[in-house]
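For the record, in the sequence shown the residue sitting at position 300 is 475 according to this note's numbering, with numbers rising by one throughout. A virtual CB, placed ideally from N, CA and C, is assigned to each residue, including glycine. Have a look at the structure below, then the notes.
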Amino acid sequence: MNTYSIGIDIGGTNTDIGLVRNDGRCMAKKNLPTNQYFDASVYVSDICKQIKTLMTENVVEVIDGIGIAAPAGNYYTGCIENATNLNFKGIIDLPKLFHEHLDAPVVVSNDANAAAYGELVYGGAKGMKDFITFTLGTGVGSGIVVDGKLVHGKTGGAGELGHAILIPEGRPCGCGRKGCLETYTSATGIRRTALELLEASPDYDGPLAKVNPDDLTSKMVGDAAKNGDSLALKVFELTGYWLGIALANAVAFSGPEAIFLMGGPVKAGEVLMQPVRESFKKHLCFVYDGSVEVRVSELPDNDAAILGAAALTKA
């Protein structure tokens with residue numbers, strides 16, 4: 176018998192809402208412009224209208240629950256706590272707001288933790304008890320699963336490996352510190368590395384030299400690398416080297432069976448994955464040799480965030 180849950184991915188610009196079947200298929204989706212809302216109660220009310228529409232259109236009468244991946248989402252309280260990239264500020268009690276419109280359990284976490292649950296329930300980590308996910312996007316997030324359970328920590332914010340310092344006194348990070356992993360291996364970090372190499376390579380005349388620096392994106396760098404551009408390949412060689420160190424350090428913390436990578440930069444394929452694996456092998460402590468592999472997420476790109484959020488209801 177098929178059962179259904181709702182997965183909601185709250186981003187600073189858009190909110191994606193999906194109806195997910197228990198076999199991991201996203202049956203249908205809706206979308207709302209997050210950045211056009213300044214009142215959280217109105218925002219949640221409109222989300223609930225979209226959920227009811229999804230259920231009606233797909234002849235679903237009951238859902239198991241609502242899973243929400245939210246910026247600054249606290250698993251313990253269900254609240255969004257002082258998110259910097261949303262128009263509605265302060266503490267937003269999502270379960271309370273949703274229960275004004277729908278009678279279903281509501282589970283909230285941040286997007287990286289949701290991604291880990293998605294990999295566990297619907298992706299390549301099925302059957303695994305110990306693994307880590309890294310999400311590479313505007314920043315770098317991570318979710319750590321130990322003995323089949325996600326590590327939340329005392330405050331619900333454990334597992335922020337994107338803010339582990341990789342290079343002391345390195346690049347400034349949005350968190351207020353310097354040298355965090357995400358300043359080097361996020362899409363933003365990749366762009367920054369490319370700009371630094373372009374500035375240091377006045378004789379370079381490849382495709383990236385023809386792009387206005389303000390318009391340069393990590394995807395452009397990835398496309399150029401896949402086409403064999405020397406500077407772009409150097410960018411991903413450095414990015415993979417840095418990321419491999421971070422993954423090796425993460426293994427020392429929890430001894431996982433696998434590490435899964437997902438997000439835009441991962442779509443560059445082997446131009447990133449090869450240097451990641453080489454650096455990972457080089458820096459991995461010998462006691463873990465042969466016990467852990469680095470893999471690309473098996474969640475479908477277009478539905479990964481929604482599936483991750485929906486998987487929270489299975490936690």
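Expressed to the nearest angstrom, what Euclidean distance is found between the alpha-carbon atoms of G193 and A215? Between the C-alpha atoms of G193 and A215 there is a straight-line separation of about 20 Å.
Since F309 sits in a beta bridge, which residues does DSSP pair it with? In the DSSP output, where bridge partners are listed per residue, F309 has S317 and L436.
Measuring CB to CB, does L341 end up less than 8 Å from G328? No, the pair does not count as a contact, with Cβ atoms beyond the cut-off.
Measuring alpha carbon to alpha carbon, tell me which of R366, N402 and E371 ends up nearest D390. The shortest CA-to-CA distance from D390 to any of R366, N402 and E371 is the one to R366.
May I ask you to verify whether the segment 176-187 touches the segment 197-205, counting CB pairs closer than 8 Å and requiring at least 3? Judged by Cβ distances under 8 Å, the segment 176-187 makes contact with the segment 197-205, as three or more pairs qualify.
Secondary structure at I481, three-state DSSP: helix, strand or coil? Here I481 sits in helix by DSSP.
Can you tell me the Cα-Cα spacing of A421 and S361, whole angstroms? Cα to Cα, A421 sits roughly 13 Å from S361.
Could you give the first and the last residue of the continuous alpha helix (DSSP H) run that contains M230? Segment A215 to E232, the alpha helix (DSSP H) holding M230.
Whole beta strand (DSSP E) runs in the segment 356-389 with 3 or more residues, listed along the chain? Entirely contained in the segment 356-389, not one beta strand (DSSP E) run reaches 3 residues.
Report the residue from C350, T308 and L277 whose alpha carbon sits nearest the alpha carbon of L418. Proximity to L418 across C350, T308 and L277 peaks at T308, based on C-alpha coordinates.
So if DSSP puts Y179 in a beta bridge, which residue, or which two residues, is it bridged to? In the DSSP output, where bridge partners are listed per residue, Y179 has R196.
Could you compute how far the alpha carbon of T488 sits from the alpha carbon of S376? If you take the alpha carbons of T488 and S376, they lie about 50 Å apart.
Nearest neighbour of L436, chosen from V451, S429 and N424 [CA to CA]: Its Cα nearest to that of L436, the residue V451 stands out among V451, S429 and N424.
Pull up the distance between the alpha-carbon of P246 and that of P280, whole angstroms please. Taking the straight line from one Cα to the other gives about 19 Å.
Please work out which residues of its chain come closer than 6 Å, Cβ to Cβ, to A485, disregarding the five sequence neighbours upstream and downstream, and give them in chain order. The residues are S180, G182, V195 and G242.
Is DSSP giving P450 helix, strand or coil here? Three-state DSSP puts P450 in a helix.
What does a CB cutoff of less than 7 Å around Y297 pick up in its chain, not counting 5 residues either side in sequence? Around Y297: G199, L474, L482 and A486.
Cβ of K385 less than 8 Å from any chain D Cβ? Structure shown: chain D not included; a single protein chain is present.
Could you pull out every residue in the same chain whose Cβ sits closer than 6 Å to the Cβ of I266, ignoring the five residues on either side in sequence? Leaving aside the five residues that flank I266 on each side, the residues in its chain whose CB is nearer than 6 Å to its CB run, in chain order, C254 and E256.
Label F213 either buried or exposed according to how many other C-beta atoms from any shown protein chain fall within 10 Å of its C-beta, with 16 as the threshold for buried. Exposed.
In chain order, what residues of the same chain lie with their CB nearer than 7 Å to the CB of F455, ignoring the 5 residues before and after it? Residues of the same chain with a CB within less than 7 Å of the CB of F455, apart from the 5 flanking positions on each side, are G419, L422, A423 and V469 in chain order.
CB T228 to CB K205, shorter than 8 Å? Yes, they are a contact pair.
If I follow the unbroken alpha helix (DSSP H) through S405, where does it start and stop? Bounds of the alpha helix (DSSP H) holding S405 are S405 to S429.
Report the residue from Y359, A333 and G331 whose alpha carbon sits nearest the alpha carbon of P343. P343 has its Cα closest to that of Y359, out of Y359, A333 and G331.
Please go through the same chain and pick out, in chain order, the residues whose beta-carbon is closer than 6 Å to the beta-carbon of Y251, but skip the five residues on each side of it. Closer than 6 Å at Cβ, skipping near neighbours: G331.
Among S472, G312 and P431, which one has its Cα closest to the Cα of F306? F306 has its Cα closest to that of P431, out of S472, G312 and P431.
Buried versus exposed, by CB contacts within 10 Å (16 or more), T188: With fewer than 16 other Cβ atoms within 10 Å, it is exposed.
Close beta carbons around N249, own chain, < 6 Å, minus the five adjacent residues each side: E256 and G331, listed in sequence order.
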